[in-house]
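One structure below.
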Amino acid sequence: MNIQSKILGSLFILMASSAFAQTSDADQEVAKLSKDKWQWMADKNVAKLDDLFDDKSVFVHMGGSWGKERELEVIKSGGIHYKKADVHEVSVQIIDNTAIVLNRITLLAVVGGNEVTNPFIVTEVYVKQNGKWKMGSLSFTRTMGPPAQEQPKN
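Numbered per mature numbering (1 follows the signal peptide of the UniProt record, and there is no 0), the sequence shown spans residues -21 to -1, 1 to 133.
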């Protein structure tokens, strides 16, 4: 193997590891934002959510779908109080400036004055605009039966 091949090989490895690190950092950034969002929803922190939700964002629930303003009003008024989201699994896929987050959760919520617990797979779509992640969509899909058991922590 000549010196040029060794240099090119080393450069390729360096570029590949750099790209991986950037993807990994972005994955972590979006996963943290998703986690923070669950807490903001539980706290009814509409100021943080207003900043996170894009003006064109859409929300899909078991009872219907609507836009940003209605979602913020539902949260603020307590029409849906997202009391606690137990997040069992999170995956993040980034495609260019779009991040798709899947959360498998058990959600404890108060809906119309009734406390309910439901297992969901929640799909979140974020778009990076001017260096900042904005939520474009949040969709709840109720799963059939109880959620899978969490693995014991070591």
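A virtual CB, placed ideally from N, CA and C, is assigned to each residue, including glycine.
Exercise. Considering only C-alpha positions, which residue in the set Leu51, Lys107, Phe99 and Trp112 is nearest to Asn82?
Worked result: For this step, residue 82 is matched to residue 103 along the sequence shown. The shortest C-alpha separation from Asn82 is found at Phe99.
Problem set entry | DSSP bridge partner residues for Ser116 (one or two, in chain order) | In the sequence shown, residue 116 corresponds to position 137, counting from 1. The partner list for Ser116 (beta bridge, DSSP) reads Val37 and Val104.
Exercise. Nearest-angstrom Cα distance between Met114 and Ala10?
Worked result: Within the sequence shown, numbered from 1, the residue matching residue 114 stands at position 135. Within the sequence shown, numbered from 1, the residue matching residue 10 stands at position 31. Distance between the alpha carbons of Met114 and Ala10 is about 12 Å.
For this session: Would you be able to state if there are at least three C-beta pairs under 8 Å between the segment 22 to 41 and the segment 70 to 77?
Result: no
Exercise. Quick one: Cα of Phe119 to Cα of Thr102, how far?
Worked result: Here residue 119 corresponds to residue number 140 of the sequence shown, with the count starting at 1. Here residue 102 corresponds to residue number 123 of the sequence shown, with the count starting at 1. Computed Cα separation, rounded: 7 Å.
For this session: Kindly indicate which three-state DSSP category Val25 falls into: helix, strand or coil?
Result: Within the sequence shown, residue 25 is the residue found at index 46, counting from 1. Val25: helix per DSSP, three-state reduction.
Problem set entry | Ala(-1) in three-state terms, based on DSSP | Here residue -1 corresponds to residue number 21 of the sequence shown, with the count starting at 1. In this prediction, Ala(-1) scores a pLDDT of 42, lower than 50, which makes its location untrustworthy; the coordinate-derived value is nonetheless stated afterwards. In the structure shown, Ala(-1) sits in a helix (DSSP, three-state: H, G or I).
Exercise. Can you name the residues that DSSP bridges to Leu87?
Worked result: Taking the sequence shown and counting its residues from 1, the one referred to as residue 87 is at position 108. Bridge partners of Leu87: Lys63 and Thr96.
For this session: State the CB to CB distance for the pair Val106 and Ser13, rounded to an integer number of angstroms; the pair is presumed to be in contact (CB under 8 Å).
Result: Against the sequence shown, residue 106 aligns to sequence position 127. Against the sequence shown, residue 13 aligns to sequence position 34. Under the criterion of beta carbons closer than 8 Å, Val106 and Ser13 do not qualify as touching, at roughly 14 Å.
Problem set entry | Nearest to Lys62 (by Cα), restricted to the options Thr77, Lys47, Val89 and Glu52 | Counting from one through the sequence shown, the residue named residue 62 turns up at place 83. Ranking Thr77, Lys47, Val89 and Glu52 by Cα distance to Lys62 puts Val89 first.
Exercise. In angstroms, rounded to a whole number, what distance separates the CA positions of Val95 and Gln108?
Worked result: As a working note, residue 95 is residue 116 in the sequence shown. As a working note, residue 108 is residue 129 in the sequence shown. Val95 and Gln108 have their C-alpha atoms roughly 36 Å apart.
Exercise. The beta strand (DSSP E) spanning Gly46 covers which residue range?
Worked result: For the purposes of this step, residue 46 is taken as the residue at position 67 of the sequence shown. Where Gly46 is concerned, the enclosing beta strand (DSSP E) stretches over Gly43 to Gly46.
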